[in-house]
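In C-alpha cells:
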C-alpha cells in the first residue's frame, strides 16, 4: 500500500471526519478560486468579441462590466440568504428540489454538473493557454499539458479536502495580492497623469474597426463576460464543510470572495481603456492576453510581471479545483435521493466521495480531448449551465420564503425574486446569443441527463418494491448446503478451503481440471494428504471429481460440472468456495484471482438461483526482497 | 446483455473454437494488412529524408528500395523456415526464448510488444493523415479521428478473429487491385513513351537542393524506409490460427503477402523517378503524399483516383488490425510462461484474449495523444522494435538448427544466419541514425519491460513456493463457522440470506445500522417475521445487533462489530454473508452492490485471516417496462 499512501495520503479513520472542517482562510481558495480566477478569462472573453469594433470597442468594456457587477451584486445578496436558510449546504439542487419539486431540482442539478465539468475543463485549458502564450515552445503540447494537470488535480482531490486546501492557499493569495497591486498602482498612475498614463511597455496597436456597433454584438460580449461570475455558488453548496458557526463562516467567506472579484473586474474595466488595451486575436501571431498586456503596461516586464503571470497560470489551472470540491458533493446529494447510482454516496479511503472525482475527471478529459484544450471553444458551453442553476436556486428560494413566512419574509422574497428574474433573463440572453456556437450542446445534454436520472430513480423504486417482504421467514427444510471447491492441485490454499468446506457441510465436492502436461498426478497426493488423515479422524470424505480438458480451458468444465450438480440436487443450496490470494502490496493484485472472478461472473450470468459464491482469503506474506530492486 | 451482444457479438461457446480457423483468403488481410499497407508510408518516409537533395534525391529511391527488397527477400526465406519449424506459432518470443534462453526471449517479446503498439498507432495516424490531406477541413480533428478509429478497431477485435477478418477483406483487396493497376498502367506508359511519360496531373515542382549527398543521409533514409517491412512476422506468430494443413496455409499466405509487398515497393521506386515525383514537406502548405501524386500522375484525378485514395485511407487505418490480431496472442504466450499477469491467458466472451486487446488499445491511445496523431513523429520509434525481434528470431533459429540437425540443417542454418546478420546490422543502423529523433524512447522502454516481466516471474515463483504444501490436511477442531449477516432492514434479500446462514451454522449474528431518520423501526418486524416463526419451528435464534451511526456512515460500524466478534472468538472461522443483487440487464449493474464490494475490500485489507466473505445472489426480475422508453 506504500505507493497509494504516498500518492493519496494514508487512509483516514472515520473519527477524523470532523478535522476536515475548514474556515475562511482555507475556504477562500477552495470555494473561491474559480470565481476569482474567472477574472482572468471573463473580461477577456467579452473583450475578444469587441475586437471588430477597433478602438471604439474599448469604451464599452466599462458599461458591460457595470452590467455584470450589477448582476453579481444581486447574486451576492441572494446567496447570502441561501446560506442562512440552508446550513447543511443549499446547492441549487437542494433548494430547487425542495421548493419546486424533484424534476426542477434535477434540472438544476444537471445544469450544475455540466457547469462543474466545464469549470474544470475551462480552468485547465485557460491556464495552459496562458502558459503557452508565455512559452510558445510548449504550444504543440497543449493537450498533453491539459491532461497532465487534470491528472495531478485528480490525485490531489482523492487525498481529501483539507490537504488540498493547503496546497491551493499560496497561489491564490499570491494571485490576489499581485492583481490588487497592479490595479492600485495602475489607478494611482492614471490619476497622477490626469487620465493619460504612459505605459511602461506599450500594448499592441489596435486594429481598425471592421464592424459597426450593434446591440447584438454587445449582448454577445455580455454573455461571454458572464463567465466571470461562474463559481460564486460554490460556497452555498459547501456550507457543511465549514467550521462552526458554519453559516457565519460561509457568509463571511462569500463576502470576501465576491468583494475581491468585484474589485478585480472593476479594476480591469477601468484600466483597460485608460491604457488603450484591447483583446488580441487568439489565433493570430503575436497574441497576448489582456492581463499580460495590463501588467506589462503598469509595471513593465520585470520580476513582478513574471511572478504575476506565474500566479495567474497557477490559479487558472487550479481553479478547476472548485469543480473537484463541488461535483462529488452534488453527486452524493443526488445519489442519496436515488437519482444517481448508490456508489456516489460512498466515501473512499480519504473520506472523499471518490466516485464523483473519477466521473468528473473522465468527463473533463473527454471535453479537453474533444476541443483540444482550447478555451475559446469551451466558453459558449459554459455560462448557460451556471446561470440556469442560479435561476432555479433563486426561484426555489422565493417559494421557500412564501412557504416559511418568517420575520421579514417579504424582503427576503423580493431579494431572491430579483435574483431569479435577473439571472433568468441572463439565461435567455446567453442561450440565444451563444446557441449556434456551442450552447446547443449544453441545451441537449441537460435534458438527456434528467431523463437518465429519472430512469435510474424508477429502477431503484422498482427494485425496492420487488425485494420488499411482507411475509415472515420460511423456516421449512433448512438442509446443509452442498459445498463445491475447485482445486488446482494440493497446496496450502486448497487445504484451507477444504477445512472450511468440511466445517460447513458433510457433502463436499472437489473439482480438479487436468490441463498441464507436466503436472504431478493428483490421486496419490490426495490419498496421502486428504483421504488418509480424514479416515483416521473418522470424518466424512469429500468427493474428488477429476476432469480432462483437451482444449486447455479450465473454466468451462468447472461450470459444466457445477451445472450438473445443480440439476442432480434440485432445490438444494450450492456453495462454491473460491480461494482468493491477498497480496501485501496493492500492485501485485493484478497478478491473481482473475480466474475466480470470471468464474463467479459466469455463474451469476447463468442465473443459478441456489448457488452462493464465497471467497476464502489467503494472505500472502510480503516477499523478503520485495522492497529491494526486482532481480 | 442486448447492447453488449450487438456491439461484441453473442458469446461463443467453447466448442465453436475450431470454427475460428482461417485460410489464405482471410489470412492475407488479417496478417498481411500491416505489411502491405507499409508500402503507403515506408517509401514516403524514406523519400521525405531525401527532400533536401532536391531532384538529385529522386534518383536514390531505386537503390534504397533495392536494399530494402534484398532484406525483405532474406526475411521471407527465414520466416518460411520458422513457420515450418514452429507449427504452433513461432513468434520471435517463442523461437528466441526456446533457443537462446528466457531473457533473450523476453527481449524479443518486449521488442515485439512495442512494435505492435506502434503498428496500431502509426497505421491509424497515417490513415487519418491521408484523410486530412484529402479533406483539409478535418485537419483540426486529427486526434479525435485517430481515437475514434482506435475505438472502432477495439470493438471489432473484441468480437473475435473471424468476423473481423471478413470486415477487413474487401478494403485490402481493393487496395491491392488499385495499386497494382496504377503500377501496371504507369509502367506501360513509361515503356511506351521511352522513359519520359507525360503525367496526367503534374506533380508539384521540386525544390532546390539544400544539402549535399552524404552516406549518413542515405542511411537515415534507409532506416525510415525499413518501416515498409514491419509486419511481415505476423504470419509466423499466428500459424495456429490457420486451417489444416496449417503450416502449408501459413507459408502460402506469407508468400503471397511478401510477393505483393515487393511488387508495390518496386513499382513505386520505378515510377517515382520516371514521373519526377518526390516527397513534399508534410508541414508546408500544399503537402501531398507520394502515392496521391503518383496515382494522379498516372490516372488523373477521376473516379479511379478517389477510389484508390479511399482504399489507401481505409487500409492504412485498418492495418492497425495486425497489431490487434497479434499483441493479445503474444501476451497470452508470455503470460502462460508466467512473465505477465495470469489474466492475459483468459479468453473472454468471444474466445478472444480480451486483456491484451484492452492493454493494446490503451497504450496506442496514449501514444496517439502524446504525439497528437502525427505519423512523422512516431516513425523513429517504430522500426527498431520490429528489427530487434527479427534479429533475435533468426538468431534463435540458427541455434534451433544447430541443435536439431535434421536433413539439410546446414543450409537452413545458413539461411537463418544470413537473416540474423542482415537484420542485426539494420537494428544498429536504425538505432544510431534515429537515436536522437525518438529511438531512444524505444531503447529505454524495452529494458524496463524486461525488468518488469522478470519481477512478475519472480513473484509468481515466490507465491508458488509459499502456497506449496508438503503437509497433510489438518483434521483437528473443525467447528461450525460464526455467520455474520449485515442487514438493511427486513426484506426478501435478508430472508434469503438468513435462511442460508441458519442452514450453515447455529451461531448467526445479524448486524443492522440505523442510519435513516424516516426508517421503520426494525425490532417489531424482527419479532413478528423472524423470532416468532423460528421459536414455533424450534430452531436456534440468530442474534440481532443494532448499531447507531450519528455520522450516517454504515460500513465503519459494521467493520468494527466484525472486528469485535473476531476478537471474542479467537481461532474461530467467521463467514460474512453479503447479498448481491443480480440485474437482468448489464447496464443496471452500476446501480448496486458497491457497498458490499467496499466492505469486502476493507475486511481483506485489514488482514482478517479467519474471515470468509460469501456473496448471496438475488436475481432481480426484468422490469416490465424496461424495454420501453424510460419515464
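Chains as they are written, first to last, in this note's numbering: chain A, 1 to 631; chain B, 632 to 1262.
Beta carbons: idealized from backbone N, C-alpha and C, even for Gly.
Taking only the alpha-carbon atoms, compute the straight-line gap between residue i and residue j and give it to the nearest angstrom.
i	j	result
residue 513(A)	residue 853(B)	53 Å
residue 612(A)	residue 343(A)	23 Å
residue 373(A)	residue 118(A)	12 Å
residue 582(A)	residue 1111(B)	24 Å
residue 874(B)	residue 883(B)	12 Å
residue 313(A)	residue 36(A)	13 Å
residue 1151(B)	residue 491(A)	49 Å
residue 401(A)	residue 115(A)	27 Å
residue 618(A)	residue 1094(B)	11 Å
residue 486(A)	residue 1097(B)	20 Å
residue 335(A)	residue 307(A)	43 Å
residue 1247(B)	residue 660(B)	47 Å
residue 269(A)	residue 61(A)	6 Å
residue 102(A)	residue 339(A)	10 Å
residue 501(A)	residue 983(B)	34 Å
residue 22(A)	residue 235(A)	12 Å
residue 507(A)	residue 565(A)	12 Å
Is it buried or exposed for residue i, if we count other Cβ within 10 angstroms and need 16 for buried?
i	result
residue 808(B)	exposed
residue 290(A)	buried
residue 1252(B)	exposed
residue 526(A)	buried
residue 1285(B)	This structure cannot speak to residue 1285(B), because chain B is shown only from 632 to 1262.
residue 806(B)	buried
residue 80(A)	buried
residue 936(B)	buried
residue 997(B)	exposed
residue 634(B)	With a pLDDT of 46 at residue 634(B), under the threshold of 50, the modelled position of this residue cannot be trusted; read the value that follows with caution. The residue in question, residue 634(B), is exposed, as its Cβ has fewer than 16 Cβ neighbours within 10 Å.
residue 877(B)	buried
residue 1179(B)	exposed
residue 1259(B)	Legend: pLDDT at residue 1259(B) = 41, less than 50; position of this residue unreliable, no value from coordinates given.
residue 196(A)	exposed
residue 412(A)	buried
Exercise. Can you list, in chain order, the stretches of the alpha helix (DSSP H) that have 4 or more residues and sit fully within the region 533-567 of chain A?
Worked result: none
Problem set entry | Contacting positions in the region 1016-1038 of chain B - beta carbon closer than 9 Å to chain A | none
For this session: With 7 Å as the limit, tell me which residues of the region 1096-1122 of chain B have their beta carbon closer than that to any beta carbon of chain A; keep them in chain order.
Result: 1097, 1098, 1099, 1100, 1103, 1104, 1105, 1106, 1109, 1110, 1111, 1112, 1121, 1122
For this session: Pick out the complete alpha helix (DSSP H) segments inside the region 730-803 of chain B, 4 residues or longer, and give them in chain order.
Result: 733-765, 773-789
Problem set entry | Against chain B: residues of the region 599-615 of chain A by CB proximity under 9 Å | 600, 603, 604, 605, 607, 608, 609, 611, 612, 613, 614, 615
Problem set entry | Segments assigned beta strand (DSSP E), at least 3 residues, entirely inside the region 285-331 of chain A | none
Exercise. On the three-pair Cβ rule with 8 Å, is the region 137-156 of chain A touching the region 388-399 of chain A?
Worked result: no
For this session: Flag this pair as touching only if the region 199-208 of chain A and the region 293-304 of chain A have three or more C-beta atom pairs under 8 Å; answer yes or no.
Result: yes
For this session: Could you say if the region 228-245 of chain A and the region 322-332 of chain A meet the contact criterion of at least three C-beta pairs nearer than 8 Å?
Result: yes
Problem set entry | Stretch-stretch touch, CB-based, cutoff 8 Å, three pairs: the region 37-46 of chain A with the region 256-273 of chain A | yes
Exercise. In chain order, what residues of the region 954-966 of chain B put their CB closer than 8 Å to some CB of chain A?
Worked result: none
Exercise. Closer than 8 Å, Cβ to any Cβ of chain B: which residues of the region 114-141 of chain A, in chain order?
Worked result: 140
Exercise. Quick one: any contact between the region 62-75 of chain A and the region 407-427 of chain A, if contact means 3 or more CB pairs under 8 Å?
Worked result: yes
Problem set entry | Those runs of the beta strand (DSSP E) which lie wholly inside the region 358-442 of chain A and span at least 3 residues | none
Exercise. Which ranges would you report for the alpha helix (DSSP H) in the region 244-276 of chain A if only whole runs of at least 4 residues count?
Worked result: 246-274
For this session: Report the residues of the region 495-521 of chain A with a CB closer than 7 Å to any CB of chain B, ordered along the chain.
Result: 495, 498, 499, 500, 502, 503, 504
For this session: Could you tell me whether the region 844-863 of chain B touches the region 1008-1015 of chain B, using the rule of 3 or more Cβ pairs below 8 Å?
Result: yes
Exercise. For the region 520-541 of chain A, which residues have a CB atom closer than 8 Å to at least one CB atom of chain B, in sequence order?
Worked result: 528, 529, 530, 532, 533, 534, 536, 537, 539
Exercise. So, do the region 52-69 of chain A and the region 206-215 of chain A have three or more beta carbon pairs nearer to each other than 8 Å?
Worked result: yes
Exercise. Does the region 96-111 of chain A come within contact of the region 449-463 of chain A, defined as at least 3 CB pairs closer than 8 Å?
Worked result: yes
Problem set entry | Contacting positions in the region 447-463 of chain A - beta carbon closer than 8 Å to chain B | 451, 452, 454, 455, 456, 458, 459, 460, 462, 463
Exercise. Along the region 76-108 of chain A, what residues have a CB closer than 7 Å to any CB found in chain B?
Worked result: none
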